[in-house]
Amino acid sequence: MSRTGDTAPEQREDARIDQSTPVAVGAAVFALLLAASALLWTRFGESVYVERILGAIANCF
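As structure tokens, then:
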């Protein structure tokens, strides 16, 4: 009979690593997108972003 607490420590460690990998990849992608946004913001200025956001809002209505 197998109970939920009967798993080996190695299996629990592997499961923890398997669960943390997508989180780490997601965090890396988010950091990359944030850095790219900051770079573009410094390159083109705030007006480009404000115009794009206001244009997108106007298209919704």
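Each residue of the sequence shown is one higher than the one before, starting from 0 at the first, in numbering that gives the first Met the number 0.
Here a beta-carbon is modelled for each residue, glycine too, at the ideal position from N, C-alpha and C.
These figures come from a predicted structure and were not determined experimentally.
If you draw a straight line from the C-alpha of residue i to the C-alpha of residue j, how long is it?
{"i": "Ala35", "j": "Gly44", "result": "13 Å"}
{"i": "Pro21", "j": "Phe60", "result": "37 Å"}
{"i": "Val24", "j": "Asp17", "result": "12 Å"}
{"i": "Leu32", "j": "Ala26", "result": "10 Å"}
{"i": "Met0", "j": "Ser19", "result": "In this prediction, Met0 scores a pLDDT of 49, lower than 50, which makes its location untrustworthy; the coordinate-derived value is nonetheless stated afterwards. One C-alpha to the other measures close to 29 Å."}
Looking at residue j and residue i, is the spacing between their C-beta atoms short of 9 Å?
{"i": "Leu39", "j": "Val47", "result": "yes"}
Once you ignore the five residues that flank residue i on each side, which residues in its own chain have a CB closer than 8 Å to its CB?
{"i": "Ala37", "result": "none"}
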